[in-house]
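Colleague:
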Amino acid sequence: MDSKPDENFIKKTFPGPRVPSLAPLPLLRGQKALVTGASSGIGQAVAIALAQAGADVAINYGRDEQGADETENAARAAGVKAMIHQADVSKEPEVQGMFRDVIRAFGTIDIVVANAGLQRDAALVDMTLAQWQRVIDVNLTGQLLCAREAVREFCRRGVRREVSVAAGKIICMSSVHDMIPWSGHVNYTASKGGIAMMMRSIAQEVALQRIRVNAISPGAIRTPINTPAWGTREAYDDLLRLIPYQRIGEAGEIGHVAVWLASDYSDYINGATIYVDGGMTLFPGFSHGG
Ligand code: BGC
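The sequence shown begins at 10 in the working numbering and counts up one residue at a time.
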């Protein structure tokens with residue numbers, strides 16, 4: 010599906026009437042958060058939601074400086090401190106430099122949302138090694154590098170009871186494609202499937218240090234990564250066949266879940282994957298017959 014977005018259809022259809030608009034709660038006051046890939050889409054919405062919940066936020070981006078500026082402005086409008094750091098999360102020295110920079114500015118980090126991710130779609134027979142490698146490097150290795158630096162900082166600092174009963178929280182941005190196979194996207198599904206076990210193994214390894222590690226697996230969320238799936242009436246109708254709840258998700262809805270998962274409201278949740286997908290993982294093809 011590479012049809013051009015239909016602007017009239019988009020204007021008429023989104024934002025849908027059934028997307029909840031909720032007043033932010035100050036659940037993260039005094040905490041310091043780093044969100045990777047926060048210049049657009051889900052990462053941008055998560056960074057803004059954390060800021061609206063009272064956290065100071067560090068906004069990482071790879072290439073979209075203007076998007077990062079927008080995120081920073083929205084975060085500051087919520088009355089918290091915000092900073093921007095450019096880094097390619099697949100490069101070890103750049104990730105280490107980013108953590109050093111953010112810790113120097115904020116004093117520490119309490120919440121890391123390892124979100125940066127990309128797609129380089131191709132049929133298996135056409136997929137180049139470079140397409141495979143780039144997706145694995147950013148989506149999987151990038152999360153490993155960020156989780157490792159986060160755990161090092163959380164262990165160095167320990168629990169700050171005044172802000173949270175945990176020493177730190179890591180949220181890995183996964184996808185419904187950590188469990189739904191997706192032809193034409195073998196690099197992407199492999200990276201997300203890898204995140205599922207990496208996240209659970211890290212959670213098991215660092216639980217004793219009171220560090221919580223969880224994943225959010227979004228389904229179809231209306232962002233630039235998947236415009237071909239919602240940008241025209243035909244594509245959107247096709248997409249709705251995969252979603253029992255009969256609407257696409259909005260990035261802010263992932264923000265709501267991230268705030269809760271980073272807060273002490275979810276303190277007993279560790280090593281879990283939360284699917285935020287309108288039921289996409291419910292095998293909707295089986296709603297009749299079988
Ligand atoms: C992908 C989107 C896709 C969605 C549901 C996400 O992980 O990045 O392109 O629309 O999964 O299939």
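Using N, Cα and C, we set each Cβ at its ideal position, and we do this for glycine too.
As the structure is a computational prediction, the values presented were derived from the model and not from experiment.
(1) Does the distance from the CB of D119 to the CB of K90 come in under 9 Å?
(2) Quick check on the DSSP output: what are the complete beta strand (DSSP E) runs of length 3 or more inside the segment 209-280, in order along the chain?
(3) Since I283 sits in a beta bridge, which residues does DSSP pair it with?
(4) Do M136 and the ligand BGC come close, with the Cβ less than 8 Å from some heavy atom?
(5) When you measure from the CB of P227 to every non-hydrogen atom of the ligand BGC, does any distance come out below 8 Å?
(6) Where F108 and A159 are concerned, what is the direct C-alpha to C-alpha distance, given to the nearest angstrom?
(7) Take P190 and list the residues in its own chain whose beta-carbon comes closer than 8 Å to its own, dropping the five residues that flank it on each side.
(8) Using the Cα positions of F292 and R113, report the straight-line distance between them to the nearest angstrom.
(9) Using CA atoms only, rank isn't needed, just tell me which of T22, V98 and D273 is closest to V44.
(10) With DSSP collapsed to three states, give me the class of M136.
(11) Which value, in whole angstroms, describes the spacing of the CA atoms of M188 and G287?
(12) Give me the Cα-Cα distance between P35 and G298, rounded to the nearest whole angstrom.
(13) Beta carbon of N235: closer than 8 Å to some heavy atom of the ligand BGC?
(14) Taking C-alpha atoms, which residue in L249, Y277, L217 and I283 lies nearest to H265?
(15) Going by DSSP in three states, K90 sits in which element: helix, strand or coil?
(16) Counting contacts by CB-CB distance shorter than 9 Å, is S210 in contact with chain D?
(17) Quick check on the DSSP output: the beta strand (DSSP E) that includes D65 runs from which residue to which?
Modeller: Answer, in terms of the structure:
(1) As a first step, residue 119 must be located in the sequence shown, where it is residue number 110. As a first step, residue 90 must be located in the sequence shown, where it is residue number 81. Cβ atoms of D119 and K90: not closer than 9 Å.
(2) 220-227
(3) Stepping through the sequence shown from its first residue, residue 283 is reached at position 274. DSSP, once it has assigned bridges, lists I225 as partnering I283.
(4) By 1-based counting over the sequence shown, the position of residue 136 is 127. No, the Cβ of M136 stays beyond 8 Å of every heavy atom of the ligand BGC.
(5) Mapped onto the sequence shown, residue 227 falls at position 218. Answer for P227: yes, Cβ within range of the ligand BGC.
(6) As a first step, residue 108 must be located in the sequence shown, where it is residue number 99. As a first step, residue 159 must be located in the sequence shown, where it is residue number 150. Whole-angstrom Cα-Cα distance: 8 Å.
(7) For the purposes of this step, residue 190 is taken as residue 181 along the sequence shown, with counting starting at 1. Correct list, in chain order: T198.
(8) As a working note, residue 292 is residue 283 in the sequence shown. As a working note, residue 113 is residue 104 in the sequence shown. For F292 and R113, the distance between alpha carbons rounds to 47 Å.
(9) As a first step, residue 44 is located in the sequence shown; it is residue number 35 there, counting from the start. Looking at the Cα atoms, V98 is the closest of the given residues.
(10) Your numbering for residue 136 matches position 127 in the sequence shown. Three-state result, M136: coil.
(11) Along the sequence shown, one-based indexing puts residue 188 at 179. Along the sequence shown, one-based indexing puts residue 287 at 278. Cα to Cα, M188 sits roughly 15 Å from G287.
(12) As a position in the sequence shown, residue 35 is number 26, starting the count at 1. As a position in the sequence shown, residue 298 is number 289, starting the count at 1. So the two alpha carbons sit approximately 46 Å from each other.
(13) Position 226 of the sequence shown, counted from the first residue, corresponds to residue 235. Yes, the Cβ of N235 comes within 8 Å of a heavy atom of the ligand BGC.
(14) Taking the sequence shown and counting its residues from 1, the one referred to as residue 265 is at position 256. It is I283.
(15) Stepping through the sequence shown from its first residue, residue 90 is reached at position 81. The answer is coil: DSSP assigns K90 none of H, G, I, E or B.
(16) Of the chains in the structure shown, none is chain D; there is only one protein chain.
(17) Counting from one through the sequence shown, the residue named residue 65 turns up at place 56. Where D65 is concerned, the enclosing beta strand (DSSP E) stretches over D65 to Y70.
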